[in-house]
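Start counting the sequence shown at 24; every next residue gets the next number (the working numbering). What follows is a short report on a single structure.
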Amino acid sequence: SVALIGLEDVRDYKIQVRPDRETLGTASPFNIKVESLTMGNFSPDEVAHLLHQHTEETGQPFQPDAMAEINRQTGGQPWLVNALASQLTTHYDALVQDRTIPVQRAHVLAAREILIERRDTHLDSLVSRLREPRIQRVIEPILTGDATAGDTVYDEDFAYLQNLGLVTVEDGTRRIANPIYAEIIARVLINFVEACIPEPPECAGEDGTLDMMGLIEGFVEFWRENGEIVLRGISYQEAAPHLVFMGYLQRIVD
24 SVALIGLEDV RDYKIQVRPD RETLGTASPF NIKVESLTMG NFSPDEVAHL
74 LHQHTEETGQ PFQPDAMAEI NRQTGGQPWL VNALASQLTT HYDALVQDRT
124 IPVQRAHVLA AREILIERRD THLDSLVSRL REPRIQRVIE PILTGDATAG
174 DTVYDEDFAY LQNLGLVTVE DGTRRIANPI YAEIIARVLI NFVEACIPEP
224 PECAGEDGTL DMMGLIEGFV EFWRENGEIV LRGISYQEAA PHLVFMGYLQ
274 RIVD
């Protein structure tokens, strides 16, 4: 017996042995596969157990709301859980190096932002796939809110992304697997839009609250002046209006 370990199911590794119009059936050389096993995400109890190991070794506790936020942001994805925990406590520039200070939810949110901006190899490898047509076919409807689950067993594109850990199904709807992945995907796709807004408008009212009408009016003016140019720079055309508005909001936040 032979076990092959990798990022993708072996059935997704294709070779082209003849022109596409002449190819019959699968082009995978691994058509004798017996079973494919995928490493699952951690459950909330498993995440808690992992974090308690740190507490037992160092005496530094994680507050309950910090644990809950780690679960929410990562969806239990093993690499993300460990990366967040490392950035919080053991990384060379860990956010909570003083072992007498409990890890709090605010620390988790700050560590999340560091991971997103740092884009380690794991995250970069996922981002690099966003331009693949089969990935776009699944991600784009999710971004537009038009992604009911349907048949996920025989949908090869969805199964491919599910094996990569990029998507999941919740309450009958296809979703990005976790908030960190969702934020990274959005930022990558709206990066071009943000670059088109040289100076964000002032959207704070006199009392410091958000001036919603001013924000909308500013966006409408931006769309009239730049909409056509911006749309040409976005590959996800069906989701383009959503992405442009997201990019506009992100530019204001930044």
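Just so it is clear, CB atoms sit at the ideal spot from N, CA and C, and this is done for glycine as well. All values derive from a computational prediction rather than experimental measurement.
>> Among the candidates 207, 212, 225 and 160, whose CA atom is the shortest distance from the CA of residue 197?
In response: 160
> If you run the structure through DSSP and keep just helix, strand and coil, what is residue 111?
Replying inline: helix
> So what does DSSP say about residue 65, is it helix, strand or coil?
Replying inline: coil
> Alpha carbon to alpha carbon, how far is residue 39 from residue 162?
Replying inline: Model confidence at residue 39 stands at a pLDDT of 49, short of 50, so the residue's coordinates are unreliable; what they give is reported in the following sentence. One C-alpha to the other measures close to 26 Å.
>> Tell me the residue span of the beta strand (DSSP E) that contains residue 126.
In response: Here residue 126 belongs to no beta strand (DSSP E), and DSSP marks it neither H nor E.
>> Which residue wins for smallest C-alpha separation from residue 84, given the options 143, 195, 111 and 106?
In response: 111
> Buried or exposed: residue 255, going by 16 or more other Cβ atoms within 10 Å of its Cβ?
Replying inline: exposed
>> Taking the alpha helix (DSSP H) that residue 255 belongs to, which residues open and close that run?
In response: 235 to 255
> From residue 207 to residue 266, what distance separates their C-alpha atoms?
Replying inline: 13 Å
> What residues in its chain sit with their C-beta under 6 Å from that of residue 278, if we drop five residues either side in the sequence?
Replying inline: The requested residue 278 is not part of the displayed model; the chain covers only 24 to 277.
> Based on the DSSP secondary-structure assignment, which residues constitute the bridge partners of residue 85?
Replying inline: 126
> Since residue 198 sits in a beta bridge, which residues does DSSP pair it with?
Replying inline: 191
> Is it the case that the Cβ atoms of residue 115 and residue 157 are separated by a distance below 8 Å?
Replying inline: no
> If you follow the alpha helix (DSSP H) that residue 147 is part of, which residue opens it and which one closes it?
Replying inline: 144 to 150
> Are the region 113 to 129 and the region 75 to 89 in contact at 8 Å, needing three or more beta carbon pairs?
Replying inline: yes
>> Taking only three categories from DSSP, how would you classify residue 232?
In response: coil
>> Taking 8 Å as the threshold (C-beta atoms), are residue 77 and residue 117 in contact?
In response: no
> Once you ignore the five residues that flank residue 120 on each side, which residues in its own chain have a CB closer than 7 Å to its CB?
Replying inline: none
> Cβ atoms of residue 153 and residue 92: under 8 Å apart, would you say?
Replying inline: no
> Near residue 234, what residues of its chain come up, given a Cβ to Cβ distance below 7 Å and the 5 sequence neighbours on each side ignored?
Replying inline: 226, 227 and 228
> residue 218 by DSSP, collapsed to three states: which one?
Replying inline: helix
> Taking Cβ positions, are residue 242 and residue 268 nearer each other than 8 Å?
Replying inline: yes
> What is the DSSP secondary structure of residue 106, counted as helix, strand or coil?
Replying inline: helix
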